[in-house]
Amino acid sequence: MSVNFNPYVQGWAHAGNAPSGSGQPWGYDGQPPSVFGALPSFNSTLPKLPPPSEFAMYHITGFSPTILNASVVGPRGQTHLRIITDPASPHHTIWRDAQRRTVAMVDWGTRSTVEMPGLLARQSVRSWLRLSSDRTTRTMEVRGMHYAWAPVDQYICLYYTHGSQSVVLARVCRVADGVSVEVTQRAMQYGLLEVCILCATLFLCGQNID
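According to our numbering, the sequence shown is numbered sequentially starting from 637.
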C-alpha cells in the first residue's frame, strides 16, 4: 500500500478551518505536507491494511445542512447514531445512540472541548487529538491505549502498533452522499466504533479543532 498525499486531508496541520463547501475542507493554503514522515514512531513501517471483508461500513449521511446535523447509518441500514446541533445553540453538538443516550459532546469555541460520558473526560479537542510536531499525524488515547490518525491514500486511517507492524483499525473517507467510516472487527472489540465516528466528524466538520 502506498502512502501518498491525500487531497481530502490537505492542511492536516490546520484541519477544518475552511467553511463547508469551500472545496478546501482542511483549510490548507500552502504546499501539502509530506506524508512519508507520518509514521516516525512506527519505524517507518507502512500500516498493514486488512482485507475489505474485515471492514464494517458505516455512513454519516443526511447532512442538514452539514455533518453537524446528520445520521450515522450502519451496515444493515439501521440508524446507529444521530449527530445533533440545535440552531438555537450552535456551539454545542451531541452524538446520541438509538436509545437517545448521549455518546459524545463537543462545545465549539477558541478552545473546543470534547467529552464521551464514561469513556473520555472533558478536555480540549486539541489535547485529545494531539497534532505531531511535523503536523502529519494526530495521536489519541482511549482506555489507556495509544492510537494515531494519518492520511493513507484517499483515507484518514486509524492505526496502532502491534510488534513492529502498524495495523490499520479503521479508515474514513469522503463519499458522494457523505462520509464513510469503515471499522475492523478488532476496532469493534476495542470499543472504538463511536470514537471513530466522533473523530470523523471532528476532522470533516469545518470547525477549528486546534
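Note that CB positions come from ideal geometry on N, CA and C, so glycine has one too.
(message) If you measure between the beta carbons of Gln843 and Ser725, is that distance less than 8 angstroms?
(response) Taking the C-beta atoms as reference points, Ser725 is found no nearer than 8 angstroms to Gln843.
(message) If distances are taken between C-alpha atoms only, which option among Thr738, Val804, Asp846, Ala836 comes closest to Tyr826?
(response) Nearest C-alpha to Tyr826: Val804.
(request) Just mark Val819 as buried or exposed, buried being the case when its beta carbon has 16 or more other beta carbons within 10 Å. (result) It counts as buried.
(message) On the DSSP bridge list, what partners appear for Leu829?
(response) DSSP lists no beta-bridge partner residue for Leu829.
(request) Label Ala850 either buried or exposed according to how many other C-beta atoms from any shown protein chain fall within 10 Å of its C-beta, with 16 as the threshold for buried. (result) Summary: the structure shown does not reach residue 850, with the chain confined to residues 637 through 846, and so no result is reported for it.
(request) Taking Ser763 as part of the alpha helix (DSSP H), name the residues at either end of that continuous run. (result) Here the alpha helix (DSSP H) through Ser763 covers 761 to 764.
(request) Can you give me the Cβ contacts of Val761 inside the same chain, cut-off strictly under 6 angstroms, excluding the 5 residues immediately before and after it? (result) Cβ neighbours of Val761 beyond the five flanking positions: Ser748, Val750, Ile845.
(request) Let me know if Ala836 comes out buried or exposed under the rule of 16 or more other beta-carbons within 10 Å of its beta-carbon. (result) Ala836 is buried by the Cβ-count criterion.
(request) Return the bridge partner residues of Leu704 from the DSSP annotation. (result) Under the DSSP definition of a beta bridge, Leu704 lacks any partner.
(message) At the level of alpha carbons, what is the spacing between Val732 and Arg771?
(response) Just to set this straight, residue 732 is Arg in the shown sequence, not Val. Approximately 31 angstroms between the Cα atoms of the pair.
(request) Confirm, please, whether the CB-CB distance from Met781 to Tyr796 is below 8 angstroms. (result) Going by C-beta atoms, Tyr796 is nearer than 8 angstroms to Met781.
(request) Spell out the partners DSSP gives His727 in its beta bridges. (result) According to the DSSP secondary-structure assignment, His727 is paired through a beta bridge with no residue.
(message) Cutting at 6 angstroms between CB atoms, please list the residues of its own chain near Ile730, excluding the five before and the five after it.
(response) Beyond the five residues adjoining it in sequence on each side, Ile730 comes within less than 6 angstroms, by CB distance, of Ile720, Thr738, Met741 in the same chain, given in chain order.
(request) Could you tell me which of Ser768, Leu794, Ala786 sits nearest to Val778, measuring between CA atoms? (result) When each option's Cα is compared against that of Val778, the closest is Leu794.
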